[in-house]
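Undergrad: Please find one structure pasted underneath; my questions will follow.
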Amino acid sequence: MPEAEQELGGGDLGPVADVREVRRVHGQWWEANQGLDVERMRECFAPGYLMWNLNGHPYYGLNEKIALFQYYKGRLVPAEPPRLWDVRVVVVGDMAYVTSEGVLPFEVSGDGSGSATLDAVVPLYGGDGRTVHVRFRETCVLRRDDGEGGRTWKIWHFHCSPLAPEHEPRPGFGDTAAGRRPAGVLTADGHPAKNERIEVRPLTSNPEKG
């Protein structure tokens, strides 16, 4: 199979070196969410980036994303590492996309999320009154273009939306996310998942570890 179409484990497709670099950038972006690390986040995105945020709103460009991180400090801070599963990477030429599902634990303080969309789904996932575990799904689009003339992989578009509660039947099929849950991932209440149907890769920006 030609390198550009090389199929890798876990649903990955593309040249090995490119897939590893895309995974590294994607992993660093999610790691930067813990504590809202602006500098680590900034390294992952092109200046002309477009975000469709989990809060239901769009953000145009890296500067607006930085402002969003600064806004949420003291209001809605991911204090624990995000947990991702079913991470899939496809690279074709100078374009790539990543899809995954996951859980992002938030510590809520101050005046909260400022988003009626996010506030409406939070009760679906439970929590301890201070920390909520928001389930999400994402699509992340990258280009081998840093927006400033360099040929390095950067995220140009990110779309994140709420994932159905794990015990809600899927319309048309009747199965649930709990039944499809991958091994090695903790549930929102901290218990180990037991289903082994989906390969799990640890969230890390170091491809040698993930």
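In my numbering, the protein residues as written are 1451 to 1660. Beta carbons: idealized from backbone N, C-alpha and C, even for Gly.
When DSSP builds the beta bridges, which residues end up paired with phenylalanine 1608?
TA: For the purposes of this step, residue 1608 is taken as residue 158 along the sequence shown, with counting starting at 1. Paired residues: Met1501, Cys1590.
Undergrad: The ligand ATP and aspartate 1596: does the residue's C-beta get closer than 6 Å to at least one heavy atom of that ligand?
TA: For the ligand ATP, the structure offers nothing, since it holds no ligand at all.
Undergrad: What residue does the alpha helix (DSSP H) around alanine 1529 start on, and which one ends it?
TA: Translated into positions along the sequence shown, residue 1529 becomes position 79. Per DSSP, alanine 1529 belongs to no alpha helix (DSSP H) and is neither H nor E.
Undergrad: Is the beta carbon of tyrosine 1575 sitting closer than 7 Å to the one on arginine 1587?
TA: On the sequence shown, position 125 is the one that residue 1575 refers to. On the sequence shown, position 137 is the one that residue 1587 refers to. Not in contact: tyrosine 1575 and arginine 1587 (Cβ atoms no closer than 7 Å).
Undergrad: Hey, quick one: how far does the beta strand (DSSP E) through phenylalanine 1556 stretch, first residue to last?
TA: The residue given as residue 1556 occupies position 106 in the sequence shown. Note, phenylalanine 1556: beta strand (DSSP E), 1545-1558.
Undergrad: Going by DSSP in three states, phenylalanine 1519 sits in which element: helix, strand or coil?
TA: In the sequence shown, counting from the first residue as 1, residue 1519 sits at position 69. DSSP places phenylalanine 1519 in helix when its eight states are reduced to three.
Undergrad: Tell me the DSSP secondary structure of alanine 1496 in three-state form.
TA: Here residue 1496 refers to the residue found at position 46 of the sequence shown. Three-state result, alanine 1496: strand.
Undergrad: I believe arginine 1533 touches valine 1548 by the beta-carbon criterion, under 8 Å. Please report the beta-carbon distance rounded to the nearest angstrom.
TA: Indexing the sequence shown from 1 puts residue 1533 at position 83. Indexing the sequence shown from 1 puts residue 1548 at position 98. With 8 Å as the limit, arginine 1533 and valine 1548 do not qualify as a contact, their Cβ atoms being about 16 Å apart.
Undergrad: Which residue wins for smallest C-alpha separation from alanine 1546, given the options Ala1467, Thr1602, Val1472?
TA: Here residue 1546 refers to the residue found at position 96 of the sequence shown. For the residues Ala1467, Thr1602, Val1472, the minimum Cα distance to alanine 1546 belongs to Val1472.
Undergrad: So what's threonine 1567 in DSSP terms, helix, strand or just coil?
TA: Translated into the one-based positions of the sequence shown, residue 1567 becomes position 117. Here threonine 1567 sits in helix by DSSP.
Undergrad: Go through its chain and collect everything with a Cβ distance to glycine 1506's Cβ below 7 Å, but skip five positions before and after it.
TA: Here residue 1506 is taken as the residue at index 56 of the sequence shown, counted from 1. Taken in chain order, the residues that qualify are Ser1565, Thr1567, Leu1568.
Undergrad: Give a yes or no on whether the C-beta atoms belonging to proline 1528 and leucine 1554 are separated by under 7 Å.
TA: Numbered from its first residue, the sequence shown carries residue 1528 at position 78. Numbered from its first residue, the sequence shown carries residue 1554 at position 104. Yes. Within cutoff.
Undergrad: Shortest alpha-carbon distance to tyrosine 1522 belongs to which of Arg1470, Leu1463, Asp1625, Phe1556?
TA: Along the sequence shown, one-based indexing puts residue 1522 at 72. Checking every option, the nearest Cα to that of tyrosine 1522 belongs to Phe1556.
Undergrad: Can you tell which of His1617, Gly1552, Pro1465, Gly1622 has the C-alpha that lies nearest to the C-alpha of tryptophan 1535?
TA: Along the sequence shown, read from residue 1 onward, the residue named residue 1535 stands at position 85. Comparing Cα positions, the closest option is Gly1552.
Undergrad: Please check the pair leucine 1463 and histidine 1607, which I expect to be a contact at CB under 8 Å, by giving their CB distance rounded to whole angstroms.
TA: Start at 1 with the first residue of the sequence shown, and residue 1463 comes out as number 13. Start at 1 with the first residue of the sequence shown, and residue 1607 comes out as number 157. With a Cβ gap of about 19 Å, leucine 1463 and histidine 1607 do not count as contacting.
Undergrad: Taking DSSP's pairing of strands, which residues face threonine 1581 in a bridge?
TA: Here residue 1581 refers to the residue found at position 131 when the sequence shown is read from its first residue. DSSP lists Glu1557 as partners of threonine 1581.
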